[in-house]
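Protein chains in written order, with the numbering used here: chain S, 1 to 216; chain D, 1001 to 1216.
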């Protein structure tokens, strides 16, 4: 399946096969695909809790305002963004050095520059965590589509209840949940999209007004 | 090219063919691919300014702290997130109705429910704009990879200068820039990623501690 096919075939699924399971190896493959997404300084802010066990799914369903798909799907991936991910830059630089991309001096400079960019800027670090985790989520959903698995991204849940019940350190911002598994019949067809010309200024220039059509 | 191949082949490119161009039709195709990304209530928060003309590229380079790749790449896509995108839900619901997904009553309820979810919650609307635009950006980069074009996501730019010089309404939050075009030789190889087991809890349960390894 090529990229554009996967983009067109993915729908946000609400109905799942309630007796299906997703193997641990498949989960690992999808998480590895998600981690291929880019992040500033290769910080890799995304982290993942995967909820598969029935009692845990029931707890997550309550956190998600009772939404049935969380109970029904073989798994739900809780996508987190690490607000303090830049702290890991020395490790990330060391691995790039081991892979032959940096010498020791360059690795140290890379880690120091990346950490300096976030020092005293918690809002930037929070926005970055959302950006990186969202790009990783998109990568995960497309890889799942290619494996024949349905997905459903969700923001309708209580992040405080999630953090409390799943004992999340406050550094991990819940960015979204993604239900995951073989689909059941009865999902919505794909919803129509705005056309490219409605959301695009194809030759933007400074000093000109840039409006999108339809405006509202 | 399948999805996982595209994920593994994409690198954040800094070096671009300085005389190449990207056709308007290709830009439209990539924006259409980006719009296939999901968004809550299908709100479709992402908007795009594409900067191709040499003088405009020079202006954008200054906004991006002088980064050469913005001058060199055939195009740079400024990915925006509309903080007030929920205002367009009646239009989006009407199009879903025309596509046969809703009757008139369901379309009205869909638009009203979506708008109610964001009423008086500007922080939620802002976070959503970042999430949706980031997922759209990932889709765009993978579609570009499939077309043989290099991309480089960037957050190193001055968003206030961008808004001022490109006369952006404050509703449009700059989420990232993506340099785009045929690559020149000399780009970095792919940077190594954390392994799935380092970023994943594969069977998360309430009441248990969830730590990632290495922790920092």
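By construction, the Cβ of each residue, glycine as well, lies at the ideal position given by its N, Cα and C atoms.
Here the structure is a predicted model, which is why all the values come from computation and not from measurement.
Under the DSSP assignment, residue 180 (chain S) falls in the beta strand (DSSP E) whose first and last residues are 172 to 181. Using a Cβ-Cβ cut-off of 8 Å, residue 1096 (chain D) counts as an interface residue toward chain S, since at least one Cβ of chain S sits closer than that to its own. Annotated three-state conformation of residue 48 (chain S) is strand, per DSSP. Residue pairing by DSSP places residue 1152 (chain D) opposite D:1179 in a beta bridge. DSSP lists D:1151 as the beta-bridge partner residues of residue 1012 (chain D). At a cut-off of 8 Å between C-beta atoms, residue 1213 (chain D) does not count as an interface residue with respect to chain S. In this structure, residue 156 (chain S) places its C-beta atom within 8 Å of the C-beta atom of residue 64 (chain S). Counting only Cβ-Cβ distances below 7 Å, residue 146 (chain S) has contacts in chain D at 1002, 1003 and 1004, in chain order. Closest by C-alpha distance to residue 1129 (chain D), out of D:1045, D:1009, D:1033 and D:1012, is D:1045.
C-alpha of residue 96 (chain S) to C-alpha of residue 107 (chain S): approximately 8 Å in a straight line. A straight-line Cα-Cα distance of about 47 Å links residue 1110 (chain D) and residue 91 (chain S).
If you look at residue 184 (chain S), you'll find it isn't in any beta strand (DSSP E); DSSP assigns it neither H nor E.
For residue 1130 (chain D), the nearest CB of chain S lies under 8 Å from its own CB, placing it at the interface with that chain.
DSSP, read as helix, strand or coil, puts residue 1204 (chain D) in coil. Per DSSP, residue 1076 (chain D) lies in no alpha helix (DSSP H); the unbroken beta strand (DSSP E) holding it starts and ends at 1075 to 1082.
The residues 1210, in chain order, have a CB closer than 8 Å to that of residue 1204 (chain D) in the same chain once the five nearest residues on each side in sequence are set aside. Listed in chain order, the non-local C-beta contacts of residue 139 (chain S) below 7 Å within the same chain comprise 33, 34, 36 and 37, local neighbours out to five positions each way being set aside.
Short of 7 Å from the beta carbon of residue 1213 (chain D), and not among the five residues preceding or following it, lie these beta carbons of its own chain, in chain order: 1198. Between the alpha carbons of residue 1040 (chain D) and residue 78 (chain S) lies a distance of about 16 Å.
Sequence-distant partners of residue 1027 (chain D) (beyond 5 residues in either direction) whose C-beta falls short of 6 Å from its own C-beta, in its chain, are 1050.
The beta carbon of residue 1044 (chain D) sits closer than 8 Å to some beta carbon of chain S. Taking every protein chain shown into account, the CB of residue 207 (chain S) has fewer than 16 other CB atoms within 10 angstroms, so this residue is exposed. Taking all protein chains in view, the Cβ of residue 1088 (chain D) is crowded by 16 or more other Cβ atoms within 10 Å, so the residue is classified as buried. Its chain contains no residue whose beta carbon lies nearer than 6 Å to that of residue 120 (chain S) once the 5 sequence neighbours on both sides are disregarded. Between residue 122 (chain S) and chain D, the shortest Cβ-Cβ separation is not below 8 Å.
Under DSSP, residue 2 (chain S) forms a beta bridge with D:1002.
The beta carbon of residue 1048 (chain D) falls within 8 Å of a beta carbon belonging to chain S, placing the residue at that interface. Leaving aside the five residues that flank residue 1083 (chain D) on each side, the residues in its chain whose CB is nearer than 6 Å to its CB run, in chain order, 1125, 1126, 1129, 1171 and 1173. Within the region 1097 to 1115 of chain D, the residues whose Cβ lies closer than 9 Å to any Cβ of chain S are, in chain order, 1098, 1099, 1100 and 1101. Where residue 1030 (chain D) is concerned, the enclosing alpha helix (DSSP H) starts and stops at 1024 to 1035.
Straight through space, the alpha carbons of residue 1186 (chain D) and residue 1060 (chain D) are spaced by roughly 23 Å. Just measuring C-alpha positions, the residue of D:1141, D:1066 and D:1112 sitting nearest residue 1005 (chain D) is D:1141. No Cβ of chain D is located within less than 8 Å of the beta carbon of residue 170 (chain S). Neighbourhood of residue 22 (chain S) in chain D, by CB distance below 7 Å: empty, with the nearest CB roughly 10 Å away. Between residue 1143 (chain D) and residue 1183 (chain D), the gap from beta carbon to beta carbon reaches 8 Å or more.
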